[in-house]
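S.K.: One structure coming up, written as structure tokens, with questions to follow.
In mature numbering (1 follows the signal peptide of the UniProt record, and there is no 0), the protein residues as written are -25 to -1, 1 to 357.
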């Protein structure tokens, strides 16, 4: 009798806990309309693929454990899929996004509801198109905040600041893709790098659209950063300011202080910025890292401006640039990445097996095709 009573109490307790957990999770809904819009950059205009007319696209905001429903309406002339980069989607891959792998592409003039089930992700992630090279312009942030009643593992920042790094081609992006597939070589070099879709005032015709981030002296901001560039690692820094990395790819890290960060394509970082400098304007800047001396790449620098609020006389000269590593500084790139450590705290544990039970050996192929016998291309010849 006593055992039965204890079991009844245990089951009741589990039901209460389960109900509490479910009550904390929410159903969040968004609508994505994929369409072409005309955008002007670098003194010229072209049509690009966008979501809701925005480039970069809208930010999705949710809390840990929530379920997100995104109704994707394809009003473009090409197929599209959307991938939720870094979301694990346990036992539910059907909305993951890679076309012809986990789902068929969403055809023009059709719609599809994608269900994103968040589990233990917390921090900054992102979403992007996963068909052809559409992700060059179809992308945005996916911000996962702590559950209600829980906190960041660091003092709550004053505000979030999106920092989306990317690249821009004057040519049509589909044409760029078709060209390098035909030639068998690298893609054409981009015409500019971007921060939040803008090249910055060091490029032609770009000063009016330069991204400006207003900050209050003495406050701390959380930079939610993603490298949405197609292929390259990027260095990033802010003049006269130290950065504190506290997360990457939807998981918290031990705080890492640095004057710069190195961020791979597709990677996200959570970075604390203390606005602790004299009131003025300061450049944030990013440029590509390339370890291959034979490769060609966009060796320009994109900028945005950190502008302190308040009454003060701005310097008439342009802001100072941050000191970033050289474009081929392998030690700077590898050194930053190897310094990142999981937070592994009581509230954010990391379950890493310590006993190796199976060793795996992988063979990778670059899957290149030979040039035609009498053809001209940039691929290998056999």
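Here a beta-carbon is modelled for each residue, glycine too, at the ideal position from N, C-alpha and C. Here the structure is a predicted model, which means the values were calculated and not measured.
Less than 8 Å between the C-beta atoms of residue 44 and residue 86, yes or no?
M.R.: Reading the chain shown from its first residue, position 69 is the one you call residue 44. Reading the chain shown from its first residue, position 111 is the one you call residue 86. For residue 44 and residue 86, no; Cβs fall outside 8 Å.
S.K.: With distances taken between CB atoms, is the gap from residue 245 to residue 42 smaller than 8 Å?
M.R.: The sequence position of residue 245 within the chain shown is 270, counting from 1. The sequence position of residue 42 within the chain shown is 67, counting from 1. With contacts defined by Cβ atoms closer than 8 Å, residue 245 and residue 42 do not form a contacting pair.
S.K.: Beta-carbon within less than 8 Å of residue 217's beta-carbon, same chain only, minus the 5 sequence neighbours each way: which residues are those?
M.R.: Position 242 of the chain shown holds residue 217. 232, 233, 234 and 249.
S.K.: Tell me the rounded alpha-carbon separation between residue 106 and residue 292.
M.R.: Translated into positions along the chain shown, residue 106 becomes position 131. Translated into positions along the chain shown, residue 292 becomes position 317. Straight-line Cα distance between these residues: approximately 44 Å.
S.K.: Please determine, among 80, 76, 191 and 12, the residue with the shortest C-alpha to C-alpha distance to residue 283.
M.R.: Mapped onto the chain shown, residue 283 falls at position 308. It is 191 whose Cα lies nearest to the Cα of residue 283.
S.K.: Can you list, in chain order, the residues of its chain with a C-beta nearer than 6 Å to that of residue 134? Leave out the 5 residues immediately preceding and following it.
M.R.: Your numbering for residue 134 matches position 159 in the chain shown. Cβ neighbours of residue 134 within its own chain (closer than 6 Å, five residues either side excluded): 196.
S.K.: To the nearest angstrom, report how far apart residue 272 and residue 121 are at their CA atoms.
M.R.: Position 297 of the chain shown, counting from 1, holds the residue named residue 272. Position 146 of the chain shown, counting from 1, holds the residue named residue 121. One C-alpha to the other measures close to 39 Å.
S.K.: Classify residue 262: buried if its beta carbon has 16 or more other beta carbons within 10 angstroms, exposed otherwise.
M.R.: Along the chain shown, one-based indexing puts residue 262 at 287. So residue 262 ends up on the buried side.
S.K.: Rounded to whole angstroms, what's the CA-CA distance from residue 144 to residue 59? Just pull it up for me.
M.R.: Within the chain shown, residue 144 is the residue found at index 169, counting from 1. Within the chain shown, residue 59 is the residue found at index 84, counting from 1. So the alpha carbons of these two residues sit roughly 24 Å apart.
S.K.: In the DSSP assignment, the beta strand (DSSP E) including residue 10 goes from what residue to what residue?
M.R.: For this step, residue 10 is matched to residue 35 along the chain shown. Membership of residue 10 in the beta strand (DSSP E) is indicated by the continuous run 2 to 16.
S.K.: Among residues of its own chain, excluding the 5 on either side of residue 12, which ones have a beta-carbon nearer than 6 Å to its beta-carbon?
M.R.: Numbered from 1 along the chain shown, position 37 holds the residue referred to as residue 12. The residues are 25 and 28.
S.K.: Is there at least one Cβ from chain C nearer than 8 Å to residue 172's Cβ?
M.R.: The displayed structure is made up of one protein chain only, and chain C is not part of it.
S.K.: Ordered along the chain, which non-local residues of its own chain (more than five positions away) have a Cβ less than 7 Å from that of residue 329?
M.R.: For this step, residue 329 is matched to residue 354 along the chain shown. Cβ within range, chain order: n/a, list empty.
S.K.: Examine the ligand PLP and report whether any of its heavy atoms sits within less than 7 Å of the Cβ of residue 58.
M.R.: This structure lacks the ligand PLP; in fact it carries no ligand of any kind.
S.K.: Going along the chain, which unbroken runs of the alpha helix (DSSP H) with 4 or more residues stay wholly within the segment 64 to 147?
M.R.: none
S.K.: Going by C-alpha distance, which of 185, 37, 66 and 113 is nearest residue 8?
M.R.: As a first step, residue 8 must be located in the chain shown, where it is residue number 33. The candidate whose alpha carbon is nearest that of residue 8 is 113.
S.K.: Using beta-carbon positions only, say whether residue 174 and residue 277 come within less than 8 Å of one another.
M.R.: Position 199 of the chain shown holds residue 174. Position 302 of the chain shown holds residue 277. Cβ distance < 8 Å, so residue 174 and residue 277 count as in contact.
S.K.: Can you tell me whether residue 251 is buried or exposed, with buried defined as 16 or more other CB within 10 angstroms of its CB?
M.R.: Counting from 1 along the chain shown, the entry for residue 251 is found at position 276. Exposed, by the Cβ-count rule.
S.K.: Could you check whether residue 223 and residue 254 sit closer than 8 Å to each other, using their CB atoms as the reference points?
M.R.: Locating residue 254 in the chain shown gives position 279, where the first residue counts as 1. Locating residue 223 in the chain shown gives position 248, where the first residue counts as 1. The answer is no: Cβ separation not under 8 Å.
S.K.: State the CB to CB distance for the pair residue 141 and residue 203, rounded to an integer number of angstroms; the pair is presumed to be in contact (CB under 8 Å).
M.R.: As a working note, residue 141 is residue 166 in the chain shown. As a working note, residue 203 is residue 228 in the chain shown. The pair is a contact, with the Cβ atoms about 4 Å apart (cut-off 8 Å).
S.K.: Kindly provide the ranges of any beta strand (DSSP E) runs that are 3 or more residues long and lie completely inside the segment 229 to 259, ordered along the chain.
M.R.: 236 to 238 and 243 to 249
S.K.: Whose CA, out of 189, 5 and 257, lies closest to the CA of residue 290?
M.R.: The residue given as residue 290 occupies position 315 in the chain shown. The residue with the shortest Cα to Cα distance from residue 290 is 257.
S.K.: Within 10 Å of its beta-carbon, does residue 182 have 16 or more other beta-carbons around it, so buried, or fewer, so exposed?
M.R.: Looking up residue 182 in the chain shown gives position 207. The residue in question, residue 182, is exposed, as its Cβ has fewer than 16 Cβ neighbours within 10 Å.
S.K.: Ends of the alpha helix (DSSP H) at residue 169?
M.R.: Working through the chain shown from its first residue, we reach residue 169 at position 194. No alpha helix (DSSP H) contains residue 169, which is instead part of the beta strand (DSSP E) from 167 to 170.
S.K.: Are there 16 or more other CB atoms within 10 angstroms of the CB of residue 109, so buried, or fewer, so exposed?
M.R.: Your numbering for residue 109 matches position 134 in the chain shown. Looking at its Cβ environment, which holds 16 or more other Cβ atoms inside 10 Å, residue 109 is buried.
S.K.: Could you say which of 210, 239 and 325 lies nearest to residue 274 if we only look at CA atoms?
M.R.: Taking the chain shown and counting its residues from 1, one reaches residue 274 at position 299. Here the closest residue by C-alpha is 210.
S.K.: Quick check on the DSSP output: the beta strand (DSSP E) that includes residue 56 runs from which residue to which?
M.R.: Here residue 56 refers to the residue found at position 81 when the chain shown is read from its first residue. Where residue 56 is concerned, there is no enclosing beta strand (DSSP E), given that its DSSP letter is neither H nor E.
S.K.: State the Cα-Cα distance for the pair residue 92 and residue 288, rounded to the nearest angstrom.
M.R.: For the purposes of this step, residue 92 is identified with residue 117 of the chain shown, where counting begins at 1. For the purposes of this step, residue 288 is identified with residue 313 of the chain shown, where counting begins at 1. Their backbone Cα atoms lie some 50 Å apart in a straight line.
S.K.: Check this for me: beta carbons of residue 35 and residue 104, under 8 Å apart or not?
M.R.: In the chain shown, residue 35 corresponds to position 60, counting from 1. In the chain shown, residue 104 corresponds to position 129, counting from 1. Cβ atoms of residue 35 and residue 104: not closer than 8 Å.
S.K.: Give me, in chain order, the residues of the same chain whose beta-carbon lies closer than 6 Å to that of residue 219; leave out the 5 immediate sequence neighbours on both sides.
M.R.: Within the chain shown, the letter at position 244 stands for residue 219. Listed in chain order, the non-local C-beta contacts of residue 219 below 6 Å within the same chain comprise 230, 232 and 247, local neighbours out to five positions each way being set aside.
S.K.: Alpha carbon to alpha carbon, how far is residue 68 from residue 22? Give it in angstroms, no decimals.
M.R.: The residue you call residue 22 lines up with position 47 of the chain shown. The residue you call residue 68 lines up with position 93 of the chain shown. Approximately 32 Å, taken between the alpha carbons.
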